[in-house]
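Numbering (this note's numbering), first residue to last: 33 to 201.
To start, the structure itself, in structure tokens.
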Ligand code: ZN
């Protein structure tokens with residue numbers, strides 16, 4: 033069965049950016065998604081269309097088809113007081129939740145001073161050209177519940193707490 037809209041796809045991938053290995057699903061559950069629902073980045077979803085189980089390919093996705101460009105306006109220096117944190121309890125790489133006018137926003141701690149904290153609220157992969165080495169594992173028709181939720185259910189996909197028999201969430 034080939035990958036098309038409203039089919040559920042599982043695939044293994046290894047992700048690298050600019051020659052650096054970032055993450056891989058191999059050794060764990062394959063990734064599971066509902067095709068055509070925008071569950072994964074657009075450049076990868078497009079490259080998967082029409083593929084079949086067992087197919088293996090590589091695709092390079094520019095930032096505009098992945099996590100978007102970096103926005104330097106999202107790099108900010110805030111007082112620890114305003115953040116409501118004790119700077120002694122923060123280290124670079126920690127993720128904190130910022131309150132913004134547009135709602136909560138996750139930001140990575142870049143640098144911690146005595147009173148000030150430098151933060152970057154860009155997605156860690158923003159601005160990066162990503163290369164995916166993909167192996168399609170399985171393609172099946174989506175179940176009615178999955179179409180209704182606009183995501184795939186099961187290991188590697190969306191989990192609703194109490195397992196697959198729990199009431200729809
Ligand atoms: Zn669901």
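Each residue gets a CB set at the ideal place from its N, CA and C atoms; glycine is no exception.
Pair within 8 Å by beta-carbon distance, residue i and residue j
i           : j           : result
residue 34  : residue 88  : no
residue 58  : residue 69  : no
residue 123 : residue 144 : yes
residue 171 : residue 56  : no
Cβ separation of residue i and residue j, assumed to be a contact under 8 Å, to the nearest whole Å
i           : j           : result
residue 169 : residue 44  : 6 Å
residue 173 : residue 39  : 6 Å
residue 152 : residue 138 : Not a contact, Cβ separation roughly 10 Å.
residue 156 : residue 140 : 7 Å
residue 73  : residue 93  : 7 Å
Residue i classed as buried or exposed, judged by whether at least 16 other C-beta atoms fall within 10 angstroms
i           : result
residue 127 : exposed
residue 81  : exposed
residue 50  : exposed
residue 178 : buried
residue 184 : buried
residue 201 : For residue 201, the predicted model reports a pLDDT of 43, less than 50, meaning its position is unreliable; a value from the coordinates is still stated below. Exposed, by the Cβ-count rule.
residue 105 : exposed
residue 189 : buried
residue 182 : exposed
residue 176 : exposed
Chain-order list of residues whose beta-carbon lies under 7 Å from that of residue i (same chain, five-residue window excluded)
i          : result
residue 48 : 54, 163
Same chain, Cβ closer than 8 Å to residue i, five either side skipped, listed in chain order
i           : result
residue 118 : 112
residue 91  : 75, 76, 79, 163, 164, 166
Contacting residues, own chain, Cβ-Cβ under 6 Å from residue i (five flanking each side not counted)
i           : result
residue 191 : none
residue 159 : 95, 101, 102
residue 121 : none
residue 98  : 73, 75, 162
residue 209 : Nothing in the structure corresponds to residue 209, since the chain is present only between 33 and 201.
Cβ of residue i within 8 Å of any chain B Cβ
i           : result
residue 109 : Within the model displayed, chain B is absent; a lone protein chain is all it includes.
Beta-bridge pairing of residue i - partner residues as DSSP gives them
i           : result
residue 128 : 139
residue 170 : 42
residue 93  : 162
residue 80  : Paired residues: none, contrary to the question.
residue 185 : 190
residue 49  : 52, 162
residue 88  : 167
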